[in-house]
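Working notes for the structure below.
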Amino acid sequence: MSKYAEIYNHSLDDPQAFWGDVAKGLHWDKPWDQVLDESAQPSPRWFVGGQLNTCFNALDRHIDAGNGDRLALIYDSPVTDSKRSYTYTELRDEVARLAGALSAQGVSKGDRVIVYMPMIPEAAISMLACARIGAIHSVVFGGFAAKELATRIDDSKPKMVLSASCGIEPSRVVAYKPLLDEAIELSTHKPQSCIIKQRPQLAADMIDGRDLDWDQAMSDSAPAECVPVKATDPLYILYTSGTTGQPKGVVRDNGGHAAALLWSMKNIYNVEPGDVYWAASDVGWVVGHSYIVYGPLLAGCTTVIYEGKPVGTPDPGAFWRVISEYQVKVLFTAPTAFRAIKKEDPQGAYMSKYDLSCMQTLYLAGERCDPDTLHWAETMLEKPVIDHWWQTETGWAIAANPMGVEPMPVKAGSPTVAMVGYDVRILDEQGNEKPDGEMGDIVIKQPLPPSCLPTLWNNEARFVDSYLRAYSGYYLTGDAGYKDEDGYLWIMSRTDDVINVAGHRLSTGQMEEVLAGHADVAECAVIGVADALKGQLPLGLVVLKSGVDRPAEELGAELVKLVRNQIGPVAAFKHISIVKRLPKTRSGKILRGTMVKIADGTEWNMPATIDDPAILDEISTSLQQMGYGK
Numbered sequence: 005m006s007k008y009a010e011i012y013n014h015s016l017d018d019p020q021a022f023w024g025d026v027a028k029g030l031h032w033d034k035p036w037d038q039v040l041d042e043s044a045q046p047s048p049r050w051f052v053g054g055q056l057n058t059c060f061n062a063l064d065r066h067i068d069a070g071n072g073d074r075l076a077l078i079y080d081s082p083v084t085d086s087k088r089s090y091t092y093t094e095l096r097d098e099v100a101r102l103a104g105a106l107s108a109q110g111v112s113k114g115d116r117v118i119v120y121m122p123m124i125p126e127a128a129i130s131m132l133a134c135a136r137i138g139a140i141h142s143v144v145f146g147g148f149a150a151k152e153l154a155t156r157i158d159d160s161k162p163k164m165v166l167s168a169s170c171g172i173e174p175s176r177v178v179a180y181k182p183l184l185d186e187a188i189e190l191s192t193h194k195p196q197s198c199i200i201k202q203r204p205q206l207a208a209d210m211i212d213g214r215d216l217d218w219d220q221a222m223s224d225s226a227p228a229e230c231v232p233v234k235a236t237d238p239l240y241i242l243y244t245s246g247t248t249g250q251p252k253g254v255v256r257d258n259g260g261h262a263a264a265l266l267w268s269m270k271n272i273y274n275v276e277p278g279d280v281y282w283a284a285s286d287v288g289w290v291v292g293h294s295y296i297v298y299g300p301l302l303a304g305c306t307t308v309i310y311e312g313k314p315v316g317t318p319d320p321g322a323f324w325r326v327i328s329e330y331q332v333k334v335l336f337t338a339p340t341a342f343r344a345i346k347k348e349d350p351q352g353a354y355m356s357k358y359d360l361s362c363m364q365t366l367y368l369a370g371e372r373c374d375p376d377t378l379h380w381a382e383t384m385l386e387k388p389v390i391d392h393w394w395q396t397e398t399g400w401a402i403a404a405n406p407m408g409v410e411p412m413p414v415k416a417g418s419p420t421v422a423m424v425g426y427d428v429r430i431l432d433e434q435g436n437e438k439p440d441g442e443m444g445d446i447v448i449k450q451p452l453p454p455s456c457l458p459t460l461w462n463n464e465a466r467f468v469d470s471y472l473r474a475y476s477g478y479y480l481t482g483d484a485g486y487k488d489e490d491g492y493l494w495i496m497s498r499t500d501d502v503i504n505v506a507g508h509r510l511s512t513g514q515m516e517e518v519l520a521g522h523a524d525v526a527e528c529a530v531i532g533v534a535d536a537l538k539g540q541l542p543l544g545l546v547v548l549k550s551g552v553d554r555p556a557e558e559l560g561a562e563l564v565k566l567v568r569n570q571i572g573p574v575a576a577f578k579h580i581s582i583v584k585r586l587p588k589t590r591s592g593k594i595l596r597g598t599m600v601k602i603a604d605g606t607e608w609n610m611p612a613t614i615d616d617p618a619i620l621d622e623i624s625t626s627l628q629q630m631g632y633g634k
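Each position in the sequence shown, counted from 1, maps to that position plus 4 in the working numbering.
Below, the structure written as structure tokens:
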């Protein structure tokens, strides 16, 4: 048996012993009574009876071990042309002062605090300060629309909001404070106070009696010590979009989260204390929570906060400059970032300007990585490129390549194998397991491992309905795919993206894989549109690489032939639209569901997480020219 298989089987056969050993790497104020309570409802709970503080484990623990001078955080902002770094001691001191400012405003254990911040060090400091005093933070992506922010204020009922005067985009300054003021005006619940970081690019108007200046609040406050909390107490709430339009507040607990992230840093990402780890994401997303803030700091690494883009700040060499300058060992980003770089610099000319010998591995997640992008990155970097699969709900990878235990052969298109604690099964609609190679619903057998959500904030019924009701004893991931004969998982589509063409269940992900393999295609999306005869038909939307100038009809025919040859006539693939860009969320996920509604002419709402609303107008026009959406 392979080394990883042995570890994995141990995690399923004896989760109490496995995770108990992992958790010994943390500092506990009170040891747990029980590693796993499987009788807890609505889902099992980890480290019951134990007490700890996540901020202490991320900062003070390393300082107490004599590593206070180690670099904890690097801030690099090409959009403001500024850089800053913090040692573990310096970061702890900033966090302790903000925690004192929160306490002075009456924030205490169990209170909620909304963090509405750009990608600046103060965003991470805000999260850690809340954790320090046992307050529950809820990060809302900076610049989010006022209505969406108001929804989250009403659901979490924060005592305080931590924000900044503005965010900086490559082409504009986004005023945050007017959005925050409007959100508080719209919300039924009113936060008692707001602390605002004034940025030099745009000063915010302050409201007397409610708003405090960040720098003033910090200078006036006494540092706060860490407050022990129960392992099962919430560390944070993170809202993820729900199908009803009402966002779901994913709850993350303290103990299980810290244990799982600590295990992942060495065993998945193969990093050691002192290594520089860069998750090129945003703190508004789960990747930012797990692998910009908590994971690297729990492991004693140096983390990078980057306020910029993969291209345009100033060029497609932006990522390579950061890696070379700070000696980044591991880069973790979304496939969409690499597709943007590939589109602008297909030959890797900018990459060749930098010494990337420090870099060990590239990790991709956030959406399925098409094999063409993965192969391009492998060829250009000459380093392992690891796709891995996880969800906001889990907080860390469900499937990955355990590079710190036993690197496995990469199969392009697969996130490799299930990680420890995840008993992943493929079921048909009746709940029967599917044979290897056959697509079905991907589920995880209970108990879910540490870090996975135990419930939704203030909505246990919705938690059960959304995740547990479909298959008794299993968590429904909402993804469809299959397992191959080597135990590798293949995540082909969200369940909603499996289309039914004349009774055949087909994966849009497989068709996208074929299209992305064409030499002229930068990125693509395939959606299922309503058809009176066949139920649904696939429609491909394709973005071309920079410099490609070919007749749309000729290229379209080529792409249709490619899909029909590789997937077969059963796909009934014959419609292609070449577009300038695809609509995406700010985390880079393509908004396929919204495009389906536009194409089918059904009612749709502007997604709260969209990066650029104007793109949907362009898509709507393209679809109407093809006869859709009228």
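Glycine is no exception: its CB is placed at the ideal position from the N, C-alpha and C atoms.
If you're wondering where the values come from, they're calculated on a predicted model, not measured in any experiment.
Neighbourhood of residue i by C-beta distance below 8 Å, restricted to the same chain and skipping five residues each side
| i | result |
| --- | --- |
| Glu311 | Tyr79, Asp80, Ser81, Pro82, Val83, Thr84, Pro122, Met123, Ile124 and Ile172 |
| Lys161 | Arg116 and His193 |
| Asp279 | Cys305, Thr306, Lys333 and Val334 |
Residue of the options minimising C-alpha distance to residue i
| i | options | result |
| --- | --- | --- |
| Glu382 | Gln364, Ile200 and Glu371 | Gln364 |
| Leu543 | Leu519, Gln220 and Tyr358 | Leu519 |
| Ala262 | Gly278, Ala105 and Ser294 | Ser294 |
| Glu557 | Ile582, Tyr90, Gln450 and Ala534 | Ile582 |
| Pro419 | Ile623, Gln331, Trp393 and Val290 | Trp393 |
| Val525 | Thr512, Val533, Gly532 and Arg554 | Arg554 |
| Gln55 | Ala44, Asp68, Leu302 and Gln38 | Gln38 |
| Pro611 | Ala108, Ser47, Gly53 and Glu152 | Glu152 |
| Phe145 | Val287, Ala484, Asp432 and Pro453 | Val287 |
| Trp267 | Ser497, Val409 and Trp324 | Val409 |
| Ala179 | Gly147, Gly316, Asp158 and Gly631 | Gly147 |
| Ile448 | Ala187, Leu16 and Tyr8 | Leu16 |
| Gly560 | Ile571, Gln570, His31 and Phe577 | Phe577 |
| Trp32 | Asp490, Cys230, Val424 and Thr377 | Cys230 |
| Tyr471 | Gly491, Thr377 and Ile446 | Ile446 |
Residues near residue i by beta carbon distance below 6 Å, same chain, minus five either side
| i | result |
| --- | --- |
| Leu620 | Pro587 |
| Val233 | Gly138 and Asn258 |
| Thr359 | It is Asp, not Thr, that sits at residue 359 in the sequence shown. Correct list, in chain order: Ser328. |
| Val530 | Thr512, Met515, Glu516, Pro542 and Gly544 |
| Ala455 | A small correction: the amino acid at residue 455 is Ser; Ala does not occupy that position in the sequence shown. Hits under 6 Å: Gly260, His261, Ala264, Gly399 and Trp400. |
| Ala221 | Ala105 and Ile199 |
| Ala603 | Val533, Leu627, Tyr632 and Gly633 |
| Gly299 | Leu265 and Met269 |
| Gln450 | Gly477 |
| Val308 | Ile78 and Trp282 |
Residue-chain proximity (residue i, chain B), Cβ-Cβ < 8 Å
| i | result |
| --- | --- |
| Val583 | The structure shown contains no chain B; it holds only a single protein chain. |
Residue i versus residue j - alpha carbon distance
| i | j | result |
| --- | --- | --- |
| Arg568 | Glu348 | 29 Å |
| Leu493 | Ser112 | 43 Å |
| Asn13 | Glu276 | 25 Å |
| Tyr90 | Ile199 | 22 Å |
| Ala135 | Ile495 | 34 Å |
| Lys565 | Ile580 | 11 Å |
| Ile129 | Leu63 | 11 Å |
| Ser550 | Leu457 | 42 Å |
| His274 | Trp282 | Here residue 274 turns out to be Asn, not His, going by the sequence shown. Their backbone Cα atoms lie some 13 Å apart in a straight line. |
| Ala235 | Glu527 | 43 Å |
| Phe342 | Leu366 | 11 Å |
| Asn57 | Ala523 | 51 Å |
| Ser167 | Leu216 | 10 Å |
| Asp650 | Asn436 | Because the chain here runs from 5 to 634, residue 650 falls outside it and cannot be looked at. |
| Lys387 | His379 | 11 Å |
DSSP beta-bridge partners of residue i
| i | result |
| --- | --- |
| Gln540 | Ala534 |
| Lys234 | Gln55 |
| Leu479 | In the sequence under discussion, the amino acid at residue 479 is Tyr, which differs from the Leu named in the question. Beta-bridge pairing links Tyr479 to Ile448. |
| Cys528 | Val546 |
| Asp488 | For Asp488, which the question treats as bridged, DSSP gives no partner whatsoever. |
Sequence-distant residues of its chain with Cβ nearer than 7 Å to residue i (five each side left out)
| i | result |
| --- | --- |
| Asp319 | Tyr354 |
| Val708 | With the chain running from 5 to 634 in the structure shown, residue 708 is simply not present. |
| Cys373 | Pro339 and Asp391 |
| Asp41 | Pro48, Arg49 and Val52 |
| Pro238 | Ile140, Val255, Arg256 and Asp257 |
Residue i: CB within 7 Å of a non-hydrogen atom of the ligand HEM
| i | result |
| --- | --- |
| Ile272 | With respect to the ligand HEM, the structure offers nothing, as it holds no ligand at all. |
Note to self: For a minimum of 4 consecutive residues, which ranges assigned as the alpha helix (DSSP H) are wholly contained in the region 252-336?
What the structure shows: 258-271, 299-302 and 322-330
Notebook entry, point to check: Mind pulling the alpha helix (DSSP H) runs of 4 or more residues that sit fully within the region 391-473?
Noted result: 464-467
Next item on the list: Run through the region 14-81 for me and flag every whole alpha helix (DSSP H) of 4 or more residues, listed as ranges in chain order.
Entry: 19-27 and 65-68
Notebook entry, point to check: Where in the region 177-209 do unbroken runs of the beta strand (DSSP E), each at least 3 residues long, occur, reported from the N-terminal end onward?
Noted result: 197-201
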